[in-house]
Each structure stands twice: as C-alpha cells, then as structure tokens.
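Single-structure report; data block below.
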Ligand code: 9MR
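This is the structure we're talking about:
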C-alpha cells in the first residue's frame, strides 16, 4: 500500500500545479527567472512560495475587496484565498435547507480571476452554527450535518483545493470536545462528515483543522491517533490544518517535528490560520521559524495567514499579521519572504 490510502483524482492538486506553472511563467516574463532556470529571489510571497510548489494564502472577507489597498495587497502577495467567515454554516445555510452562497461565490470568482486557489473553511464546527442547528437532537442533527456538507461542498465542487471538513473537535487534554455534534451524534460524527465531503467533492483534499496542535502535545497526539485510525480504516482524509495562532514567545521547539510526524503518516499538512502576536525582531523570528519548518517538510504544501493587515485582524491589538494597518510590510514580512526563498 502506498503512503496514502485515500487516492483521489486530485483536481485540487492539478489546479495547484496550474497556478504554480502560471506563476513561474509570469516570473519568467517579468525577468525574475533566468534562462538557465536559476531563480533570483522572488519579491512577493506568492512568487517565493510558488518556487517550491507551495501556495501562500490569506483569510479574506469579501466586503473588504472594495478597499483598494486591501485588494492590491491580496492580489500582489497571495495566491490562495480562504473565507474568514462567509463559507461557515451560519453564513451558508441560515435557514434549514436554504443555502446562500453569495459571499463565497464572490471569493471564488476573485481567486479564479487572479490565479489563486481556494481553501474551503469550514463545513462542520461547534461555533458559528445557525440557531436552528443548535436546537436539533439525535439523528435530526446528523441528517442536517450531512445535508449541509452535501449542499456546500457540492456547490463548490471543483473550485476548492482543500476543505476544512471538521474544525476544532478536540480539547487540550486530547478528549473530544463536548459539542452538540459530539453529544447528539456520538464519536462517529467526524468520520461521517469526511465521508459526506468525499462524496460531495471527490477532488478536494479533505482536512481536519485545529488550533493548539502546533507542537507535540496531548491534543496533537489525539489528532495524530485519529488520522492514523482513519487511514487504517479507509476513512477519506488527506490533510491536517495546523492553525498556528501564536505569539512571539510561543514555544516552537517541536513545531517542525510535529508537522513531520503527520506528513510521515501519509497526509499533507498545511499551516491554515497563521498569525503571531508581537512586533519587531521577536515577531519576525517566530514567523521565520514557522516558515522554515513548513519549507523543511515536503508535505507541508502551503501557508495561510489569518488576514492580510493588522487593521482587520480578529486579534488586531496583537498586531499579528505581515502588513500593518497602513498596508506597509513589517519586519516579519521580510523574514517570511527570505525563508520562502530559501526553501530547499
Ligand atoms: O476570524 C474569525 C472572526 O471574524 C469570527 O468572528 C470568528 C467567529 O467565531 O471566527 C474567526 O475565525 C476563527 C476560525 O474560523 C477558526 N479558528 C479560529 C479563528 C479565530 O477565532
């Protein structure tokens, strides 16, 4: 058996390759690649990431695309988009069985018009559920979950590189979070969700996504055992999203080792919601460590920062992103660009 038990036609991977090829062609046209094929240091995040076949993404809110600096920074620096909120359950199915895709469709169109791939976030989560879901019990909740996955993943089938199928289902101690999903459906709800996503969009890579699984710890151990079990039993799973909401003084001692152990299991890893509170050299060093760790793991296929500018960050007071509130590049930006350019 190969290292991945979940084989798929991989439309998502083909799309990534198209983006990478288009980006390389663009680089060559812009004179950034010499004819010998030797790359000069790329001067945007997206071009630097594409050199090693990776994406560099940002969480985006469609209502901000009308702000010219926001759109210009996104289009210049990033080649992947994830919806910060508009593909969540409350946004896409506000009433049972009535789907609204306006915001998500806008993001997909923006991505396609600008040579970007799309991450889907998120099909099932204990938070940001519409009110009607919170009142459901037992098999009614299970059927609503499956119908939601079918509706949303089915609508976007073919457009999504990777889906965060299930988000944040574990506690720090490695136990299952006691959400309504866990309590009403039971332990099988996570694999039910992955099977439904696979049926609705056979080409997207299917990820489990969480915070606090950035190093080796009881929570990431539990996710590791779940992935191992899914692969052994043929439950479709392709990737683990390591959110990485961090601070300058976060302990990153086992960060790379943790990415590598998931990759060694036979899934891709993606850094999905990166932001690092702090400023100056300390923040830049933490960003460098995270970026170098991903570059060192061949199955770490891309990095997404949770926003573009500190101006609109969900934790804006921590100034955690690569662009300040005036869209100026911060010291951390330079550290990330250098680490992307130095990828083996
Ligand atoms: O950044 C998102 C913020 O705008 C929303 O209000 C919030 C709602 O819970 O969700 C934030 O995004 C979260 C993501 O979907 C899942 N991981 C944690 C992120 C930060 O809270």
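In mature numbering (1 follows the signal peptide of the UniProt record, and there is no 0), the protein residues as written are -41 to -1, 1 to 303. Cβ coordinates follow ideal geometry from the N, Cα and C atoms, glycine included. Nothing here was measured: the structure is a model prediction, and the numbers come from that model.
Per-residue DSSP class, three states only, for residue i
i, result
"residue 80", "strand"
"residue 85", "coil"
"residue 229", "strand"
"residue 282", "strand"
"residue 55", "coil"
"residue 306", "A question about residue 306 goes unanswered here, because the residues of the chain that appear run from -41 up to 303."
"residue 27", "helix"
"residue 268", "strand"
"residue 257", "coil"
"residue 288", "strand"
"residue 179", "helix"
"residue -2", "coil"
"residue 46", "coil"
"residue 190", "helix"
"residue 273", "coil"
"residue 98", "helix"
"residue 157", "helix"
"residue 250", "helix"
"residue 32", "helix"
"residue 211", "coil"
"residue 221", "helix"
"residue 90", "helix"
"residue 302", "coil"
"residue 173", "coil"
"residue 145", "coil"
"residue 244", "helix"
"residue 73", "coil"
Proximity below 8 Å, CB of residue i to CB of residue j
i, j, result
"residue 152", "residue 120", "no"
"residue 150", "residue 194", "yes"
"residue 3", "residue 26", "no"
"residue 217", "residue 173", "yes"
"residue 41", "residue 263", "yes"
"residue 191", "residue 129", "no"
"residue 186", "residue 201", "no"
"residue 294", "residue 220", "no"
"residue 11", "residue 261", "no"
"residue 207", "residue 171", "no"
"residue 244", "residue 7", "no"
Neighbourhood of residue i by C-beta, 7 Å cutoff - its chain only, sequence neighbours within 5 removed
i, result
"residue -5", "Because the pLDDT of residue -5 is 45, which lies under 50, any placement of that residue in the model is unreliable, and the question is left without a value."
"residue 203", "173, 230, 232, 233 and 249"
"residue 159", "108, 109, 112, 113 and 116"
C-alpha distance - residue i paired with residue j, whole-angstrom precision
i, j, result
"residue 256", "residue 291", "21 Å"
"residue 178", "residue 228", "16 Å"
"residue 23", "residue 285", "14 Å"
"residue 45", "residue -1", "35 Å"
"residue 298", "residue 251", "6 Å"
"residue 89", "residue 54", "8 Å"
"residue 71", "residue 80", "17 Å"
"residue 225", "residue 183", "11 Å"
"residue 167", "residue 86", "15 Å"
"residue 242", "residue 106", "42 Å"
"residue 222", "residue 259", "8 Å"
"residue 65", "residue 92", "25 Å"
"residue 296", "residue 141", "41 Å"
"residue 98", "residue 13", "40 Å"
"residue 339", "residue 253", "Only positions -41 to 303 of the chain appear in the structure, and residue 339 is not among them; the question remains open."
"residue 276", "residue 289", "15 Å"
"residue 29", "residue 15", "16 Å"
"residue 56", "residue 31", "36 Å"
Bridge-paired residues (DSSP) for residue i
i, result
"residue 135", "129"
"residue 204", "234"
"residue 262", "15 and 230"
"residue 168", "126 and 200"
"residue 41", "18 and 78"
"residue 121", "78 and 164"
8 Å Cβ shell around residue i - same chain, five flanking residues per side excluded
i, result
"residue 58", "51, 52, 110, 111 and 114"
"residue 156", "82, 108, 112, 122, 124, 163, 165 and 195"
"residue 95", "103, 139 and 143"
"residue 101", "143, 144, 148 and 151"
"residue 84", "47, 48, 125, 126 and 127"
"residue 272", "234, 265, 266, 278, 279 and 280"
"residue 154", "194 and 195"
Same chain, Cβ closer than 6 Å to residue i, neighbours up to 5 away in sequence not counted
i, result
"residue 20", "43"
"residue 18", "41, 43, 265 and 266"
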